[in-house]
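Undergrad: In the numbering used here, the protein residues as written are 85 to 229.
The following block contains the structure, expressed as C-alpha cells.
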Amino acid sequence: RYRGIDTHHASPAEALEQRFARNGWPPQWRGGVFDYHHYHSRAHETLGVAGGTATLVLGGENGRDIDIRAGDVLVLPAGTGHCRRRASDDFLLVAAYPPDQQDWDLCRPEDTDIATARATIAALARPDSDPVGGPNGALTAYWHD
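In C-alpha cells, the structure reads:
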C-alpha cells in the first residue's frame, strides 16, 4: 500500500489515472468496492483512492480490516479477496490493471471453482511495472521474486 500519493490537483481521480497510465497500468473505471467478498483471478488490480475514506477487508472473509483515505493506492495481486466494510459518502476509487490483464473477472468464493481459479492465477503474467513507481518502482522486485 502506498500512502499519501499527491492528488492535490483539480481532479484527484484524473491525477491518479494519469499516473497509473504513465506507469503502464491503464485506468479502467471509477467507483467503489463491492460490499461482498470477491477477488479477480485474471487480473492484478490497483485501486487509487481519489476521495473520501473507507474500511476494506483484505484477504477474504477471515482477512483484516484496512483503513484507506484519499491519496492511498492499493495494489492487489490476483486472488486477493476484498470487500467494503464501510465508506464515506464521497468515497471514490480509480481502478487500473496491467495492459495484458485488462480482462478482469469477478469471482465470489461461494460461486467459483477454487482449483480453476488457482490455476488461472498461477498462469497470470507478472506486471512489468509498478503502478505508482513505474518500471523501477518498489513493487517491481516483488513481482519478479
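C-beta: ideal position from N, C-alpha, C; glycine also.
Computed from a predicted structure; not experimentally measured.
Suppose only complete runs of 4+ residues qualify. What are the alpha helix (DSSP H) ranges in the segment 167–207, listed by chain order?
TA: With a minimum length of 4 residues, the continuous alpha helix (DSSP H) runs that stay inside the segment 167–207 are 198–207.
Undergrad: I'd like to confirm the pairing. Which residues does DSSP put opposite W113 in its beta bridges?
TA: DSSP, once it has assigned bridges, lists A179 as partnering W113.
Undergrad: Rounded to the nearest angstrom, what separates D229 and R210 at their Cα positions?
TA: Reliability of the predicted coordinates at D229 is poor, the pLDDT of 49 falling under 50, and no value is obtained from them.
Undergrad: Any idea what DSSP makes of A225, helix, strand or coil?
TA: A225: helix per DSSP, three-state reduction.
Undergrad: By alpha-carbon positions, which one of E98, G163, L131 and D119 ends up nearest to A203?
TA: It is G163.
Undergrad: How far does the alpha helix (DSSP H) with R247 in it reach, from first residue to last?
TA: Only positions 85 to 229 of the chain appear in this structure, which leaves residue 247 out of reach.
Undergrad: Whose C-alpha, out of D212, H166 and P219, is nearest the C-alpha of P193?
TA: Checked all of D212, H166 and P219; the closest Cα to P193 is H166.
Undergrad: Are the CB atoms of D189 and R126 within a distance shorter than 9 Å?
TA: Result yes, Cβ atoms of R126 and D189 sit closer than 9 Å.
Undergrad: For V117, I'd like the list of residues in its chain whose CB is within less than 8 Å of its CB, leaving aside the five on either flank, ordered along the chain.
TA: Same-chain partners within the cutoff: L131, A138, L140, H166, C167, R168, A171 and L177.
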